[in-house]
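Student:
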Amino acid sequence: MRRLVAAIVMIGLAATAMAAPARKVDGYVAQGPVRLKLVDGFAVRGARGEKVTVHLFPVPLDDNDLARGRAGQAWSIALRKPSPNRRQWDWCPTVDIDMQSLSGPLRSRANLTFANFMFTGLDRRNHTVNLNRSGEQARASLSTLEFSQSGGSQYVTLDSRARSLSYDGKTTYSWRIHARLPVLQQAGDDND
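Using our numbering, the first residue of the sequence shown is number 4, and each one after it goes up by one.
(1) Provide the residue span of the beta strand (DSSP E) that contains Leu145, from first to last.
(2) Would you identify the three-state DSSP class for Ala25, choosing helix, strand or coil?
(3) With DSSP as the reference, label Trp178 as helix, strand or coil.
(4) Return the first residue and the last residue of the beta strand (DSSP E) that Ala46 is part of.
(5) Pull the bridge partners of Pro185 from the DSSP assignment, please.
(6) Report the CB separation of Val62 from Asp43 in whole angstroms; it is logged as a contact under 8 Å.
(7) Report all residues from its chain with a CB closer than 6 Å to the CB of Asp66; omit the five preceding and five following residues, and keep chain order.
(8) Below 8 Å, how does it come out for the region 94 to 107 and the region 52 to 60: are there three or more Cβ pairs, yes or no?
Below, the structure written as structure tokens:
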């Protein structure tokens, strides 16, 4: 009987591990000397497929966070998360990368038309900086952008690096991001 119970528990744990898509994030974003280490995230594909948004966080996420992301409420996740560094922030900064194709579903760098890098809360609470890239600039901003299937789930792998980019000619932003993330299908219209 004990073996049967142990086997059932092990099967349940294996099924849970298989159901929860693996997430890997390694990187940072820096505003001048202020550096935010990124440790977790996910991506959401809009209903028509042309738009994919990668959401990156400096703290670990849980299944409830992924459910919020799937429901189109990724913005609310940081409100519930602790600061990654209380000396620097008393809130949770985030990084989002909106990517879009104008030639059908986004499949790779080849049909990437726009990339918008958004840094929220790096310098002050609720302040978002947008660094927009289009055409070749967008493709150059992402050295890797690949979509794959594994275990019934879709994943995006991306690599991005930038140094000393500015939106105002004064404040500079740099980053290095490597991520392999599950792509969640958003319910409803993505306003592409």
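Glycine residues also receive a C-beta, built at the ideal position from the N, C-alpha and C atoms.
Tutor: In brief:
(1) 145 to 153
(2) coil
(3) strand
(4) 43 to 48
(5) Tyr158
(6) 7 Å
(7) none
(8) yes
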